[in-house]
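Numbered per our numbering, the sequence shown finishes at 616, counting up by one with no gaps. Heads up, the beta-carbon is just placed ideally off N, CA and C, and yes, glycines get one too. Everything on this sheet refers to the single structure shown next.
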Amino acid sequence: MCGIVGYIGTKNALPMLLDGLKRLEYRGYDSAGVAILRDGTLTVQKKVGKVVELEKITPEKSFTGHIGIGHTRWATHGEPSDINAHPHVSNDGSIALIHNGIIENYQVIRTKLEKQGYIFKSATDTEALVHLIEEMKKVSGDLETAVRLALRQVDGTYGIAVVSSKEPDKIIVARKGSPLIIGVGDHEHFVASDAAAIVQYTRQVVYLEDGEIAVLTKDKFETKTIDNVEKIKQIHEVTFDIEEIEKSGFDHFMLKEIMEQPETIRNSTRGRVLLDEGNAKLSGLRDVMLLLENAQRIVITACGTSWHAGLVGEYMLEQYAKVPVEVEYASEFRYRNPIIKPNDVLFLISQSGETADTLAALREAKNKGASVLGICNVVGSTIARESQGGVYIHAGPEIGVASTKAFTSQLIVLSLITLLIARQRGTMTIEQGRIIGKELLNLPDKVQTILKDTSEIEKIAEEFKETSNFLYLGRGYNFPVALEGALKLKEISYIHAEGYPAAEMKHGPIALIDKNMPVVVMATKDSTYDKVISNIQEVKARKGRIIAIANDDDDQIHSLADHVIKVPQTVDMLSPIVNVIPLQLLAYFIAVKRGCNVDQPRNLAKSVTVE
Ligand code: G6P
Numbered sequence: 006m007c008g009i010v011g012y013i014g015t016k017n018a019l020p021m022l023l024d025g026l027k028r029l030e031y032r033g034y035d036s037a038g039v040a041i042l043r044d045g046t047l048t049v050q051k052k053v054g055k056v057v058e059l060e061k062i063t064p065e066k067s068f069t070g071h072i073g074i075g076h077t078r079w080a081t082h083g084e085p086s087d088i089n090a091h092p093h094v095s096n097d098g099s100i101a102l103i104h105n106g107i108i109e110n111y112q113v114i115r116t117k118l119e120k121q122g123y124i125f126k127s128a129t130d131t132e133a134l135v136h137l138i139e140e141m142k143k144v145s146g147d148l149e150t151a152v153r154l155a156l157r158q159v160d161g162t163y164g165i166a167v168v169s170s171k172e173p174d175k176i177i178v179a180r181k182g183s184p185l186i187i188g189v190g191d192h193e194h195f196v197a198s199d200a201a202a203i204v205q206y207t208r209q210v211v212y213l214e215d216g217e218i219a220v221l222t223k224d225k226f227e228t229k230t231i232d233n234v235e236k237i238k239q240i241h242e243v244t245f246d247i248e249e250i251e252k253s254g255f256d257h258f259m260l261k262e263i264m265e266q267p268e269t270i271r272n273s274t275r276g277r278v279l280l281d282e283g284n285a286k287l288s289g290l291r292d293v294m295l296l297l298e299n300a301q302r303i304v305i306t307a308c309g310t311s312w313h314a315g316l317v318g319e320y321m322l323e324q325y326a327k328v329p330v331e332v333e334y335a336s337e338f339r340y341r342n343p344i345i346k347p348n349d350v351l352f353l354i355s356q357s358g359e360t361a362d363t364l365a366a367l368r369e370a371k372n373k374g375a376s377v378l379g380i381c382n383v384v385g386s387t388i389a390r391e392s393q394g395g396v397y398i399h400a401g402p403e404i405g406v407a408s409t410k411a412f413t414s415q416l417i418v419l420s421l422i423t424l425l426i427a428r429q430r431g432t433m434t435i436e437q438g439r440i441i442g443k444e445l446l447n448l449p450d451k452v453q454t455i456l457k458d459t460s461e462i463e464k465i466a467e468e469f470k471e472t473s474n475f476l477y478l479g480r481g482y483n484f485p486v487a488l489e490g491a492l493k494l495k496e497i498s499y500i501h502a503e504g505y506p507a508a509e510m511k512h513g514p515i516a517l518i519d520k521n522m523p524v525v526v527m528a529t530k531d532s533t534y535d536k537v538i539s540n541i542q543e544v545k546a547r548k549g550r551i552i553a554i555a556n557d558d559d560d561q562i563h564s565l566a567d568h569v570i571k572v573p574q575t576v577d578m579l580s581p582i583v584n585v586i587p588l589q590l591l592a593y594f595i596a597v598k599r600g601c602n603v604d605q606p607r608n609l610a611k612s613v614t615v616e
């Protein structure tokens with residue numbers, strides 16, 4: 006988390022820094038700051054709150070300069086405040102540093118430097134690094150060597166950018182565990198946590214690897230390892246457009262991203278369904294097909310919404326590919342010394358491709374000899390690059406902190422992977438493959454019919470907007486959808502919500518049911534339908550208020566449910582893709598009606614690059 010942006014060139018840096026920071030706010034938004042160099046003078050301004058607060062106190066005419074760095078923070082060490090905001094400045098006032106990550110041994114460094122007379126102003130881990138750089142500069146004389154020497158003493162993760170008034174023609178950047186890219190322009194260079202911050206200025210980017218450091222000047226960039234070995238880097242082209250990261254007339258990114266789903270589902274599917282053969286084509290898995298065919302077990306690890314997608318994937322793969330699947334939170338997987346056998350294949354699902362726990366799980370599994378495959382959205386992200394193969398979901402940039410379109414695209418990709426493995430293993434017939442393939446191609450239209458008229462969902466949102474608890478129930482493929490629906494509501498409306506397997510309700514949550522408890526039930530016509538109807542009866546008998554997600558042709562549901570949201574029917578395996586749409590909308594409308602900031606919910610960040 007935290008967003009980093011920097012500029013060196015011939016133009017005024019500040020407007021580009023502020024613009025870049027606004028685009029990076031999904032990474033954190035509790036405080037922001039900039040450092041600008043002009044004629045050898047360093048000016049730093051920082052402010053608690055969103056980037057607009059910083060903007061108010063940095064009038065363009067007083068902050069001109071062709072070199073600058075900016076930061077938007079998600080607090081880890083030290084509360085959100087002006088003092089704890091980045092940039093942090095060295096005691097001699099010459100060096101400014103911005104940082105994304107955690108310096109784990111900061112306390113040891115701090116104590117040592119304090120004994121040497123350094124004064125600390127903030128409660129952050131980052132400040133230890135800027136003073137350490139100042140100290141190293143006394144030894145090395147130049148900024149680049151000082152940064153390298155300092156980084157060799159820190160444990161933890163970092164993406165950093167450093168400027169100094171004593172060497173006012175460069176920005177030093179480095180990464181270990183936190184994403185950082187260099188943007189290459191015409192007599193100008195950029196640095197950013199993510200291409201979204203700079204894509205309107207340049208599409209030429211260089212992905213910095215862990216353990217690399219780069220020196221950016223107006224006309225060139227040089228990359229080395231922190232052990233001072235030169236590295237030649239390749240320049241890549243960013244393919245998305247600026248329009249994709251704009252709101253395009255929608256009130257919120259989240260709503261835009263929900264509404265985009267017919268198109269994003271189409272993009273995830275495009276060219277990948279082989280209808281005649283009842284199969285799928287995924288070029289990123291071509292080289293690992295043998296591995297997949299022989300896999301004795303598939304492990305899926307992920308966090309948050311991506312983990313919910315993984316749970317649906319487990320149901321799909323076990324039903325059709327007949328391979329045992331385990332789904333585990335990446336944060337648990339990495340620390341419990343998991344048993345990995347040589348024929349295990351690990352899928353990492355991550356929208357951002359940068360989530361620290363998921364990345365650590367990838368490295369842990371790789372070290373233990375497993376084959377690791379990524380399912381990512383962000384092209385060129387660390388997980389995508391460190392995987393041995395994988396599939397991009399092609400959902401386009403997702404800015405709203407609560408994931409929506411990435412989830413449905415992850416499910417599309419998991420169903421394509423299921424087709425591929427099941428057909429390869431001979432556990433799915435060509436007819437079954439054709440039916441699923443055809444339905445995959447029908448999904449955009451089916452999703453569109455839900456999005457066409459959201460008035461019923463808005464009405465339900467109005468009725469329940471003041472409720473303080475919600476229960477979400479589903480069975481089989483739709484149990485993970487219940488979890489995802491509850492997560493969406495919690496994340497953006499701050500209403501407590503729990504997702505449960507419908508039958509498991511009897512073992513606890515049923516005690517909570519009374520006339521005030523709304524219960525959202527996935528009641529579409531799949532193999533568990535009759536059982537779900539019985540669960541609805543159990544809720545009704547205790548006066549709970551049922552909001553049912555049901556199929557268009559289901560007439561009996563009206564006599565049981567207080568509210569019915571109709572969705573088109575599809576095959577069981579793909580029903581989560583359809584059924585989650587009304588849950589995303591319900592969470593969205595409730596949050597808006599409660600006056601919550603849906604795109605930037607409190608305490609959350611989109612890309613969690615700390616443990
Ligand atoms: C954060 C986001 C979630 C996301 C999760 C995993 O918690 O707020 O929306 O699902 O991280 O992120 P990833 O990028 O790995 O899918």
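Next on the checklist: Looking at the ligand G6P, does it come within less than 7 Å of A400, judged from the CB to the closest heavy atom?
Outcome noted: By 1-based counting over the sequence shown, the position of residue 400 is 395. A400 Cβ: outside cutoff for every heavy atom of the ligand G6P.
Checklist entry - Between the C-alpha atoms of E319 and L26, what's the straight-line distance to the nearest angstrom? => result Here residue 319 corresponds to residue number 314 of the sequence shown, with the count starting at 1. Here residue 26 corresponds to residue number 21 of the sequence shown, with the count starting at 1. Those two C-alpha atoms are separated by around 38 Å.
Checklist entry - What residues match up with K51 in a beta bridge as DSSP calls it? => result Residue mapping note: residue 51 aligns to position 46 of the sequence shown, counting from 1. Its beta-bridge partners are G38.
Checklist entry - If you draw a straight line from the C-alpha of E268 to the C-alpha of T413, how long is it? => result Against the sequence shown, residue 268 aligns to sequence position 263. Against the sequence shown, residue 413 aligns to sequence position 408. Between E268 and T413, the C-alpha separation is close to 11 Å.
Next on the checklist: Under 8 Å: do the segment 209-224 and the segment 141-157 share three or more Cβ pairs, one atom per stretch?
Outcome noted: Short answer: they touch.
Next on the checklist: I need the DSSP call for H136, collapsed to helix, strand or coil.
Outcome noted: Here residue 136 refers to the residue found at position 131 of the sequence shown. Reduced to three states, the DSSP call for H136 is helix.
Item to check | N-terminal and C-terminal residue of the beta strand (DSSP E) that G11 is part of | outcome: Position 6 of the sequence shown, counted from the first residue, corresponds to residue 11. Segment 8-13, the beta strand (DSSP E) holding G11.
Item to check | Assigned secondary structure, Q542 (DSSP; H/G/I helix, E/B strand, else coil) | outcome: Within the sequence shown, residue 542 is the residue found at index 537, counting from 1. Under the three-state reduction of DSSP output, Q542 falls in the helix class.
Checklist entry - Which partner residues of R78 appear in the DSSP bridge assignment? => result Indexing the sequence shown from 1 puts residue 78 at position 73. For R78, which the question treats as bridged, DSSP gives the partners S36.
Item to check | Selected residue, minimal CA-CA separation from L372, among G358, G254, R339 | outcome: Here residue 372 refers to the residue found at position 367 when the sequence shown is read from its first residue. The sequence given here places Asn at residue 372; Leu does not occur at that position. Taking only the C-alpha atoms, the option nearest N372 is R339.
Checklist entry - Quick one, which of T360, V196, D535 has its alpha-carbon nearest I74's? => result By 1-based counting over the sequence shown, the position of residue 74 is 69. Here the closest residue by C-alpha is V196.
Checklist entry - Any heavy atom of the ligand G6P closer than 7 Å to the Cβ of C601? => result Mapped onto the sequence shown, residue 601 falls at position 596. Checking the Cβ of C601 against the ligand G6P gives no.
Item to check | Own chain partners of D256 with C-beta closer than 7 Å, once the 5 adjacent residues on each side are dropped | outcome: On the sequence shown, position 251 is the one that residue 256 refers to. The answer is none, since no qualifying residue turns up.
Item to check | Boundaries (first-last residue) of the beta strand (DSSP E) holding Q266 | outcome: Counting from 1 along the sequence shown, the entry for residue 266 is found at position 261. Unbroken run through Q266 is the alpha helix (DSSP H), 266-274; no beta strand (DSSP E).
Checklist entry - CB of C7 to nearest heavy atom of the ligand G6P: below 7 Å? => result Walking along the sequence shown from the start, residue 7 turns up at place 2. Result no, Cβ not under 7 Å from the ligand G6P.
Next on the checklist: What does the alpha-carbon distance come out to for the pair K223 and I72?
Outcome noted: As a first step, residue 223 must be located in the sequence shown, where it is residue number 218. As a first step, residue 72 must be located in the sequence shown, where it is residue number 67. Between K223 and I72, the C-alpha separation is close to 9 Å.
Checklist entry - According to DSSP, is L280 helix, strand or coil? => result Mapped onto the sequence shown, residue 280 falls at position 275. Residue state, collapsed to three classes: coil.
Checklist entry - For M294, which of V377, D24, E461, E172 has the nearest alpha-carbon? => result One-based indexing of the sequence shown puts residue 294 at position 289. Considering only alpha carbons, the answer is V377.
Checklist entry - Hey, would you say the C-beta of Q605 is under 7 Å away from at least one heavy atom of the ligand G6P? => result What you label residue 605 is simply residue 600 of the sequence shown in a count that begins at 1. No, the beta carbon of Q605 sits no closer than 7 Å to any heavy atom of the ligand G6P.
Checklist entry - Shortest alpha-carbon distance to R439 belongs to which of G504, S420, K470, T244? => result Translated into the one-based positions of the sequence shown, residue 439 becomes position 434. Closest option to R439, judged by alpha-carbon separation, among G504, S420, K470, T244: S420.
Next on the checklist: Please return the same chain residues whose Cβ sits closer than 6 Å to the Cβ of Q209, not counting the five positions on each side in sequence.
Outcome noted: Position 204 of the sequence shown, counted from the first residue, corresponds to residue 209. Exclusion of the five residues before and after Q209 leaves V189, I240 as the residues of its chain whose Cβ lies within less than 6 Å of its Cβ.
Item to check | E60 burial status per 10 Å Cβ neighbour count (16 or more: buried) | outcome: Taking the sequence shown and counting its residues from 1, the one referred to as residue 60 is at position 55. Flag for E60 reads buried.
Checklist entry - Should L588 be listed as close to the ligand G6P, given that the test is whether its C-beta is under 7 Å from any heavy atom? => result By 1-based counting over the sequence shown, the position of residue 588 is 583. Result no, Cβ not under 7 Å from the ligand G6P.
Checklist entry - What does a CB cutoff of less than 7 Å around G83 pick up in its chain, not counting 5 residues either side in sequence? => result The residue you call residue 83 lines up with position 78 of the sequence shown. The residues N89, S127, A128, T129, in chain order, have a CB closer than 7 Å to that of G83 in the same chain once the five nearest residues on each side in sequence are set aside.
Item to check | Sufficient close CB pairs (3 or more, under 8 Å) joining the segment 292-310 to the segment 360-374 | outcome: Yes: at least three Cβ pairs fall under 8 Å.
Checklist entry - Hey, would you say the C-beta of K371 is under 7 Å away from at least one heavy atom of the ligand G6P? => result Position 366 of the sequence shown holds residue 371. No, the Cβ of K371 stays beyond 7 Å of every heavy atom of the ligand G6P.
Next on the checklist: Does D349 come out as helix, strand or coil in the three-state DSSP assignment?
Outcome noted: Here residue 349 corresponds to residue number 344 of the sequence shown, with the count starting at 1. Assignment of D349 by DSSP, reduced to helix, strand and coil, places it in the strand class.
Next on the checklist: For V328, count the other beta carbons within 10 Å of its own beta carbon; 16 or more makes it buried, fewer makes it exposed. Which is it?
Outcome noted: As a working mapping, residue 328 is identified with position 323 in the sequence shown. Classification for V328: buried.
Item to check | Cα-Cα separation, E65 to T409 | outcome: Here the question's residue 65 lines up with position 60 in the sequence shown. Here the question's residue 409 lines up with position 404 in the sequence shown. Looking at the two C-alpha atoms, the distance is approximately 37 Å.
Next on the checklist: Looking only at its chain, what residues have a beta carbon closer than 7 Å to the beta carbon of A18, apart from the 5 residues adjacent to it on each side?
Outcome noted: For the purposes of this step, residue 18 is taken as residue 13 along the sequence shown, with counting starting at 1. These residues qualify, in order along the chain: Y12, I41, G70, H71, I72, G73.
Next on the checklist: Closer than 7 Å to a non-hydrogen atom of the ligand G6P - does that hold for the CB of S392?
Outcome noted: Locating residue 392 in the sequence shown gives position 387, counting from the first residue. Exclusion of S392 from the 7 Å shell around the ligand G6P follows from its C-beta lying no nearer than that to any non-hydrogen atom of the ligand.
Checklist entry - What beta strand (DSSP E) runs, 3 residues minimum, are completely inside the segment 332-404? => result For the segment 332-404, whole beta strand (DSSP E) runs of length 3 or above, ordered along the chain, are 349-355, 376-381, 394-397.
Checklist entry - For T230, which of L154, V278, E282, L296 has the nearest alpha-carbon? => result As a first step, residue 230 must be located in the sequence shown, where it is residue number 225. For T230, the closest alpha carbon among the candidates L154, V278, E282, L296 is that of L154.
Item to check | Counted within 10 angstroms of its Cβ, other Cβ atoms place D559 as buried (16 or more) or exposed | outcome: Working through the sequence shown from its first residue, we reach residue 559 at position 554. D559 is buried by the Cβ-count criterion.
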